[in-house]
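**Student:** Just so we're aligned, residue 23 is where the sequence shown starts under the working numbering, counting upward by one. Note that the Cβ used here is the ideal one computed from N, Cα and C, for glycine as well. Right, I'll just put the structure down here and ask away after.
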Amino acid sequence: MHVGNLGLYPKVTNPDLDRIKSPTESQSQVGNIFNNLPANTNSDLTSAFQNVSLTNVQYASELSAFDIQRAAVDNLTGSYNNKLADLSSSEMDHATASFNTQQVAQSVQSINSAITNTKAIIGNYLNQISGSHSNINAINSSIMDIDKDLLVNESVVNNHKHHSKRMKSLETDYSSAFLAKNSLMNNLNSISTSMSNIDTQIAALNTPNATGLIPNESAMNQLIQQRQELEEKYAQITKELDKNDEIINQYDDSKTIVNSNDDKTIANLETKIADLHNKRQELIAQKRSEQSTLRDYRDKKNAANGELGAAHGLLNSLIIRQEIAENNEARALTKVHNRQEELKLIHGSLDNSFSVYQSKQTNVEKAEHKFNDSTEFLNLVTQKHKLDKK
């Protein structure tokens, strides 16, 4: 038995460790002597016998005290071994709790890494989405520039074609109007002259002559009627002349516009317009492709956002589990410390009790030695007494 080492203690009642004879065995030896004593004894024999009785009582007393102390040591040994088993169980519980805490912590770390990676992926998708928006805006800007060029060039070509067509449609009317213009102007001049003459005649009729006669009313009315007819004819010719001038002006305007661009220029513009339309279709195709890419990135970002939300939910659950695991580990560690302190107390008591046990064991051995010596002395005195009687 090694007191002071942490480990299971063997009980002191182990036969392999017990060097003390039982009281029954020792007392049986004394009883045999008592049975063999002669009826008549001298003082030496009586003294020896009394000495045996005294050492026997001392031996029995020491043996009883030893047995009590041995039982106390055994009880403390049992308590110590039980407490050691409790400590071992507590350490196993703490190891299990620590392992669980590490497992949850690793899961938390893994989820945090996954969240970081997912955020990086979402950030990449956002960059891609921003890039797609920029590409689409650039394409839209290019399409708008093409539309502006098309508007200008198509306006020139369409205007040229429109006025070319109008010139052709006005050619006959233009010729007629141009030829009729001089005749109509001459007619207007003639009518103007006639109207002026009539005005002169009317004025003459309205002027009183020297004799003071009243103007001829019939002649006056006739002149007025003639002038009204001339006014109506003048207005009609003026209207025809305005119509002719409009035709001539329209033709001349169209001719000016048509002559501003020759056929080669118009052909080049038409080629440019065709190229612009082709380029516009290419840009529209690029825009559709970029919009498809944009939708794909948005779908991926939304899916990643869903994964991120699920990861955050799992992380919150794991954080709660981690707190529980850490609390369990802390309680288990506290329990281990408590068991260690309790074991130290029992260990100290056991050391002290075992020291007393060893002291009692020494006392028993001394008492046994004295008892054996007194027994041997009694045997010698008894034998001497028998020889003296012979």
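From Asp195 to Gln247, what does the alpha carbon distance come to, in whole angstroms?
**Tutor:** Position 173 of the sequence shown, counting from 1, holds the residue named residue 195. Position 225 of the sequence shown, counting from 1, holds the residue named residue 247. Spanning the two alpha carbons is a distance of roughly 35 Å.
**Student:** Comparing alpha-carbon positions, which option in Gln72, Asn157, Thr77 lies nearest His391?
**Tutor:** Locating residue 391 in the sequence shown gives position 369, counting from the first residue. Among Gln72, Asn157, Thr77, the Cα nearest to that of His391 belongs to Thr77.
**Student:** Find the nearest neighbour of Asn134 within the set Ile341, Gln405, Ser240, Asn211, judged by alpha-carbon distance.
**Tutor:** Counting from one through the sequence shown, the residue named residue 134 turns up at place 112. With distances taken between Cα atoms, Asn134 lies closest to Ile341.
**Student:** Does the Cβ-Cβ distance between Met242 and Ile224 come in under 9 Å?
**Tutor:** Residue 242 sits at position 220 when you count from the first residue of the sequence shown. Residue 224 sits at position 202 when you count from the first residue of the sequence shown. Yes, these two residues count as a Cβ contact at 9 Å.
**Student:** Can you find a CB in chain C that lies within less than 9 Å of the CB of Val403?
**Tutor:** Considering every chain present, this structure includes no chain C. It has just one protein chain.
**Student:** Got a sec, what are the start and stop residues for the alpha helix (DSSP H) Thr222 sits in?
**Tutor:** Numbered from 1 along the sequence shown, position 200 holds the residue referred to as residue 222. Note, Thr222: alpha helix (DSSP H), 65-228.
**Student:** Any contact of the region 292-309 with the region 149-166, i.e. 3+ C-beta pairs under 8 Å?
**Tutor:** Flag = yes, the region 292-309 and the region 149-166 touch.
**Student:** Our contact map puts Ala199 next to Ile270 with C-beta atoms below 8 Å; I'd like the distance itself, whole angstroms only.
**Tutor:** Along the sequence shown, read from residue 1 onward, the residue named residue 199 stands at position 177. Along the sequence shown, read from residue 1 onward, the residue named residue 270 stands at position 248. Indeed, because the Cβ distance is near 5 Å, the residues count as touching under 8 Å.
**Student:** Going by CA-CA distance only, name the one from Leu98, Ser218, Lys277 that's closest to His185.
**Tutor:** Reading the sequence shown from its first residue, position 163 is the one you call residue 185. The shortest C-alpha separation from His185 is found at Lys277.
**Student:** What number of angstroms, rounded off, separates the C-alpha of Leu98 from the C-alpha of Arg353?
**Tutor:** In the sequence shown, the residue the question calls residue 98 occupies position 76. In the sequence shown, the residue the question calls residue 353 occupies position 331. Approximately 27 Å between the Cα atoms of the pair.
**Student:** Just to check my reading of the structure: Ala332 and Val126 have Cβ atoms closer than 8 Å, yes? What is that Cβ distance to the nearest angstrom?
**Tutor:** On the sequence shown, position 310 is the one that residue 332 refers to. On the sequence shown, position 104 is the one that residue 126 refers to. Wrong, their Cβ atoms sit about 18 Å apart, outside the cutoff.
**Student:** What is the rounded straight-line gap between the Cα of Phe71 and the Cα of Tyr81?
**Tutor:** For this step, residue 71 is matched to residue 49 along the sequence shown. For this step, residue 81 is matched to residue 59 along the sequence shown. Spanning the two alpha carbons is a distance of roughly 15 Å.
**Student:** Using a Cβ-Cβ cut-off of 7 Å (strictly less than) and excluding sequence neighbours within five positions of Leu355, which residues of its own chain qualify?
**Tutor:** Start at 1 with the first residue of the sequence shown, and residue 355 comes out as number 333. Only His116 meet the Cβ criterion.
**Student:** Between Ala326 and Ile151, which are expected to be in contact by the criterion C-beta below 8 Å, what is the C-beta distance as a whole number of angstroms?
**Tutor:** Indexing the sequence shown from 1 puts residue 326 at position 304. Indexing the sequence shown from 1 puts residue 151 at position 129. Rounded, the Cβ-Cβ distance is 12 Å, inconsistent with contact.
**Student:** Tell me, to the nearest whole angstrom, how far the beta carbon of Leu201 is from that of Ile259; I am working on the premise that it is less than 8 Å.
**Tutor:** As a first step, residue 201 must be located in the sequence shown, where it is residue number 179. As a first step, residue 259 must be located in the sequence shown, where it is residue number 237. Incorrect: roughly 15 Å between the Cβ atoms, too far for contact.
**Student:** Quick check on Asn104: buried or exposed, where buried means 16 or more other Cβ atoms within 10 Å of its Cβ?
**Tutor:** Taking the sequence shown and counting its residues from 1, one reaches residue 104 at position 82. Asn104 comes out exposed.
**Student:** Look up Asn238 in the DSSP assignment and say whether it is helix, strand or coil.
**Tutor:** Here residue 238 refers to the residue found at position 216 when the sequence shown is read from its first residue. Here Asn238 sits in coil by DSSP.
**Student:** Under 6 Å Cβ to Cβ from Arg361, same chain only, skipping five residues before and after it: list those, please.
**Tutor:** The residue given as residue 361 occupies position 339 in the sequence shown. Cβ neighbours of Arg361 beyond the five flanking positions: Asp108, Leu109, Ser112.
**Student:** Roughly how many whole angstroms lie between the Cα atoms of Asn281 and Ser218?
**Tutor:** To locate residue 281, count along the sequence shown from 1; it is residue 259. To locate residue 218, count along the sequence shown from 1; it is residue 196. Each residue's Cα considered, the two are about 44 Å apart.
**Student:** Counting Cβ pairs closer than 8 Å, one from the region 84-92 and one from the region 311-318, do we hit at least three?
**Tutor:** no
**Student:** Could you tell me the boundaries of the alpha helix (DSSP H) in which Asn283 lies?
**Tutor:** As a first step, residue 283 must be located in the sequence shown, where it is residue number 261. Run containing Asn283: none; DSSP gives neither H nor E here.
**Student:** Classify Phe121 as buried or exposed, calling it buried when 16 or more other Cβ atoms lie within 10 Å of its own Cβ.
**Tutor:** On the sequence shown, position 99 is the one that residue 121 refers to. It counts as exposed.
**Student:** Can you grab the Cα-Cα spacing for the pair Asn238 / Thr229, in whole Å?
**Tutor:** The residue labelled residue 238 in the question sits at position 216 within the sequence shown. The residue labelled residue 229 in the question sits at position 207 within the sequence shown. For Asn238 and Thr229, the distance between alpha carbons rounds to 11 Å.
**Student:** One question on the structure: do Lys203 and Asp267 come within less than 9 Å of each other, judged by their Cβ atoms?
**Tutor:** Stepping through the sequence shown from its first residue, residue 203 is reached at position 181. Stepping through the sequence shown from its first residue, residue 267 is reached at position 245. Yes, these two residues count as a Cβ contact at 9 Å.
**Student:** Looking only at its own chain, which residues have a Cβ that is under 8 Å from the Cβ of Lys190, when we skip the five neighbours before and after it?
**Tutor:** As a first step, residue 190 must be located in the sequence shown, where it is residue number 168. Here the set comprises nothing.
**Student:** Are there 16 or more other CB atoms within 10 angstroms of the CB of Arg249, so buried, or fewer, so exposed?
**Tutor:** Taking the sequence shown and counting its residues from 1, one reaches residue 249 at position 227. Buried, by the Cβ-count rule.
**Student:** Assign Ser339 to one of two classes, buried (16 or more other C-beta atoms within 10 Å of its C-beta) or exposed (fewer than that).
**Tutor:** Here the question's residue 339 lines up with position 317 in the sequence shown. Ser339 is exposed by the Cβ-count criterion.
**Student:** Drop a sphere of 10 angstroms on the beta-carbon of Ala119, count the other beta-carbons inside from all chains shown, and report buried for 16 or more, exposed for fewer.
**Tutor:** Residue 119 sits at position 97 when you count from the first residue of the sequence shown. Burial call: buried.
**Student:** Between Gln131 and His359, what straight-line distance do the alpha-carbon atoms span, to the nearest angstrom?
**Tutor:** Against the sequence shown, residue 131 aligns to sequence position 109. Against the sequence shown, residue 359 aligns to sequence position 337. Their Cα atoms are separated by approximately 29 Å.
**Student:** Leaving out the 5 sequence neighbours to the left and right, which residues in its chain are closer than 8 Å to Gln344 when beta-carbon positions are compared?
**Tutor:** Along the sequence shown, read from residue 1 onward, the residue named residue 344 stands at position 322. Hits under 8 Å: Thr123, Val126, Ala127, Val130.
**Student:** Who are the near neighbours of Arg320 in its chain, counting only those whose CB is closer than 7 Å to its CB and skipping five residues on each side?
**Tutor:** The count along the sequence shown starts at 1 and reaches residue 320 at position 298. Excluding positions up to five away in sequence, the list reads Ile151.
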